[in-house]
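As structure tokens, the structure follows; a few thoughts come after it.
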Amino acid sequence: MSTSSYDRVSLDSSLPTEDSTSSSPPFPQVSHFNKSEKYTIVFEDELLHIDSSNWRTSTLLKVQIFSAYCVFILFGLAEQTIGSIIPILQKDYSINDLQVSLIFISSITGYFTMALINDYTHKALGIKGVVVLGSTSMTLGYLIISTRPPFFIFALCYVMSGIGFGSLDAGLNGWMGNLIDSNQLLGILHGCYGIGCMISPPLITYLLEKHTNPWKWNHYYIVLSVVGCCCVVSLILTFKNETPKKYKFMGQLKNEAHKKKSKAPINDEEIELDSLTKTQDVDISDEELTASDSEQEDNTASLLVALKSPLVWAFATILFIYVGGEVAFGAWLMTFLIRIKKFPYKLSSWMATSFWMGLTVGRIALGFVTAYYFKTELMANFVYIILSTLGYFVFWLFAATNWVVLLFLVVFLTGMAVGPIFPTTIITAITILPSKYHASGIGFVCAFGGGGAAGVPFLIGLVAQSSEVGLRIFPLIVFVIFLILVAMWAVIVRRFTKTYDRNAI
């Protein structure tokens, strides 16, 4: 079939009509389409445009992916801003480390709010509504901060930022994780986050320390607001077809594909493993494919059902720990270097940039390494996590020295190893989790995991506020966090190596 235009799928007489007791979508008629083909279909009185999931054959998909990349650059620009201006905020607002940590608590509040209602927002708003809601919330928050409000309002604006992060993180990761070449695409997506993080420290340093007309810290938030406005417009235009009914249709279509695949015979070991992690699959005939809407909807688990799955919580916890350790290191690194190492502000900002530069290179380059040189994402991620842990350990060992060049190299290589862990974990979760959890479960995993970006830095702030020794051991804390991550991923590898199918997506 041609992929340059949409093919129209019509309902035939074998399927229920509007006068029937059922109004199920015509899954048997679209089952012959592959992921590279486009078609339109009427579902619940709405004409849906189903685009190709292969970026090579779809101009619209390329533009959507580009928009998503721009959003993640904004993520990085915004998230590393706090880490870059902590010393300035403390002076301007007369606040201590504990009060700075309240900013991270505000952000995690927004993240967790979206984690709890992610399933509802996707069903009610569709992918388009979720991403527009998220980008608008972020932009409004940064616009208010640009006026230099009282610190209480500043912190509340980071609740809005957290809502934006949680919405966009869950929506775009889940959406892109189902595309062809998802390893590479997600690697570049999260590499764009690293690009934003890499740009922020030197850009802020330059703008705030200019010899003529230096900026005030809050003026930088005008830049974030302008970029945010561009992202809002871009997402409205490019995701216009991602409606609530299309979201429902695609979820049910995926469930039907999963049912057909589940009819294949499996061995006893797989049955035993499946009983620990999945609900029982039932063979369904073609007649049963035309069951009632309520039965169809039961195949797409609600958030409450997804939260009963230990696997959903396992992946959410893994991402919470990972994101928390990664962001805590990047956010507090400058403060550590300035206060403990007595490095100049500019040198500290460049060392922080080297971490995010390594992370960016790792996410983009190692995504291709994962796809072409590892048999499974399971083992690739295990290698990356171990290398990251070793990197944090080496940094802790040499943090007491003044070997600046060595520290730069260690920080860069550590960032490079840390980089691909998030996208590779998302791919693994989508592959392992039952398809009925792909909507609510993956969304919760992303939103809850993203909350680590606020939770762990807050804990670091508590430790730093306790005494100077607390901030001095901050590299050791991050190292211990990643040791926990090694242990948790080892359990995942042990349980799923034999049954992992990287072609299941």
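Residues 1 to 505 in UniProt numbering are what the sequence shown lists, from first letter to last. Every residue, glycine too, gets a C-beta built ideally from N, C-alpha and C.
Check: Considering tyrosine 322, what are the terminal residues of the beta strand (DSSP E) in which it resides?
Finding: Premise fails: tyrosine 322 lies in the alpha helix (DSSP H), 310 to 339, not in any beta strand (DSSP E).
Next item on the list: Along the alpha helix (DSSP H) that carries isoleucine 86, what are the first and last residues, could you check?
Entry: 59 to 93 is the extent of the alpha helix (DSSP H) around isoleucine 86.
Notebook entry, point to check: Buried or exposed: alanine 400, going by 16 or more other Cβ atoms within 10 Å of its Cβ?
Noted result: Alanine 400 should be labelled exposed.
Notebook entry, point to check: So, are the CB atoms of isoleucine 127 and phenylalanine 249 less than 8 Å apart?
Noted result: No.
Item checked: Distance CB(glutamate 37)-CB(serine 52) smaller than 8 Å -> In contact: glutamate 37 and serine 52 (Cβ atoms closer than 8 Å).
Checklist line | Where threonine 40 sits in the DSSP three-state scheme | finding: Threonine 40: strand per DSSP, three-state reduction.
Next item on the list: Between the Cα of phenylalanine 152 and those of Ser106, Phe112 and Val233, spot the shortest distance and give me the residue it belongs to.
Entry: Nearest option by C-alpha distance: Ser106.
Next item on the list: Since I believe glutamine 80 is in contact with residue 518 (beta carbons under 8 Å), could you give me their beta-carbon distance rounded to a whole number of angstroms?
Entry: This structure cannot settle anything about residue 518, because the visible part of the chain is limited to 1 through 505.
Notebook entry, point to check: What are the partner residues of alanine 46, as DSSP defines its beta bridges?
Noted result: Just to set this straight, residue 46 is glutamate in the shown sequence, not alanine. Listed as beta-bridge partners of glutamate 46 by DSSP are Phe43.
Margin query: In the DSSP assignment, the alpha helix (DSSP H) including proline 202 goes from what residue to what residue?
Written below: First-last of the alpha helix (DSSP H) with proline 202: 182 to 208.
Check: In chain order, what residues of the same chain lie with their CB nearer than 6 Å to the CB of valine 226, ignoring the 5 residues before and after it?
Finding: Once the five neighbours on either side are set aside, valine 226 has no close Cβ partner at all.
Notebook entry, point to check: From what residue to what residue does the alpha helix (DSSP H) around tyrosine 220 run?
Noted result: For tyrosine 220, the enclosing alpha helix (DSSP H) covers residues 220 to 238.
Next item on the list: Using a threshold of 8 Å, state whether the C-beta atoms of isoleucine 340 and arginine 472 are closer than that.
Entry: Yes, the Cβ-Cβ distance between isoleucine 340 and arginine 472 is below 8 Å.
Margin query: To the nearest angstrom, how far is the alpha carbon of threonine 279 from that of leucine 304?
Written below: Model confidence at threonine 279 stands at a pLDDT of 34, short of 50, so the residue's coordinates are unreliable; what they give is reported in the following sentence. If I take the Cα positions, the gap works out to 15 Å.
Note to self: Can you tell me whether tryptophan 175 is buried or exposed? The criterion is at least 16 other CB atoms within 10 Å of its CB, across all chains shown.
What the structure shows: Flag for tryptophan 175 reads buried.
Notebook entry, point to check: From asparagine 267 to lysine 498, what distance separates their C-alpha atoms?
Noted result: Only weak support exists for where asparagine 267 lies, its pLDDT of 46 falling under 50; the coordinates are left without a value.
Margin query: Which residue wins for smallest C-alpha separation from leucine 459, given the options Phe448, Ser440 and Ile481?
Written below: Leucine 459 has its Cα closest to that of Ile481, out of Phe448, Ser440 and Ile481.
Next item on the list: Measure the Cβ-Cβ separation of tryptophan 350 and proline 214 and say whether it is below 8 Å.
Entry: Not in contact: tryptophan 350 and proline 214 (Cβ atoms no closer than 8 Å).
Check: Exposed or buried, which one is threonine 424 when buried takes at least 16 other CB atoms within 10 Å?
Finding: Buried is the label assigned to threonine 424, since at least 16 other Cβ atoms lie within 10 Å of its Cβ.
Item checked: Contact between the region 411 to 420 and the region 359 to 377 (3+ Cβ pairs under 8 Å) -> Flag = yes, the region 411 to 420 and the region 359 to 377 touch.
Note to self: For glutamine 99 and threonine 147, I'd like the C-alpha separation in whole angstroms.
What the structure shows: Taking the straight line from one Cα to the other gives about 20 Å.
Checklist line | Burial state of serine 200 (16 or more Cβ within 10 Å) | finding: Buried, because 16 or more other Cβ atoms sit within 10 Å of the Cβ of serine 200.
Notebook entry, point to check: Thinking C-alpha only, which one of Met198, Gly325 and Thr428 is nearest residue 550?
Noted result: With the chain covering only 1 through 505, there is no way to say anything about residue 550.
Note to self: Could you check whether glycine 451 and phenylalanine 112 sit closer than 8 Å to each other, using their CB atoms as the reference points?
What the structure shows: It is a contact, given that the beta carbons lie within the stated cut-off.
Next item on the list: Go through its chain and collect everything with a Cβ distance to glycine 134's Cβ below 6 Å, but skip five positions before and after it.
Entry: In the same chain as glycine 134, and ignoring 5 residues on each side of it, the C-beta atoms closer than 6 Å to its own belong to Gly164, Ser167 and Leu168, in chain order.
Next item on the list: Compute the Euclidean distance between the alpha carbons of lysine 62 and leucine 74, then round it to the nearest angstrom.
Entry: Approximately 19 Å between the Cα atoms of the pair.
Checklist line | Candidates Tyr221, Val411, Gly251 and Ala487: closest to leucine 77 by CA position | finding: Nearest option by C-alpha distance: Tyr221.
Next item on the list: Return the residue from the list Ala453, Leu378 and Ile426 that minimises the CA-CA distance to residue 540.
Entry: An answer regarding residue 540 cannot be provided, because it is not within the stretch 1 to 505 covered by the chain.
Note to self: Quick check: the Cα distance between isoleucine 41 and threonine 243, rounded to an integer number of angstroms?
What the structure shows: In a straight line, the C-alpha of isoleucine 41 is about 13 Å away from that of threonine 243.
Margin query: Using 8 Å for Cβ pairs, my map puts glycine 171 next to valine 131. What's the rounded Cβ distance?
Written below: 5 Å between Cβ atoms; contact.
Check: Which two residues bound the contiguous alpha helix (DSSP H) that contains residue 519?
Finding: Nothing can be reported for residue 519, as the shown portion of the chain is limited to 1 through 505.
Notebook entry, point to check: So which of Val369, Gly455 and Tyr322 has the shortest CA-CA distance to leucine 185?
Noted result: Ranking Val369, Gly455 and Tyr322 by Cα distance to leucine 185 puts Val369 first.
Checklist line | Distance between phenylalanine 66 and asparagine 183 (C-alpha atoms, nearest Å) | finding: Between asparagine 183 and phenylalanine 66, the C-alpha separation is close to 16 Å.
Note to self: Here's a check: name, in chain order, each residue in its chain whose Cβ is nearer than 7 Å to the Cβ of lysine 246, leaving out the five neighbours to either side.
What the structure shows: Residues of the same chain with a CB within less than 7 Å of the CB of lysine 246, apart from the 5 flanking positions on each side, are Leu48 and Gly126 in chain order.
Next item on the list: Taking proline 420 and glycine 187 to be in contact with their CB atoms under 8 Å, please state how far apart those CB atoms are, rounded to whole angstroms.
Entry: Indeed, because the Cβ distance is near 6 Å, the residues count as touching under 8 Å.
Note to self: My output table needs one value for phenylalanine 374: the three-state DSSP class, helix, strand or coil.
What the structure shows: Phenylalanine 374 falls in the coil class under three-state DSSP.
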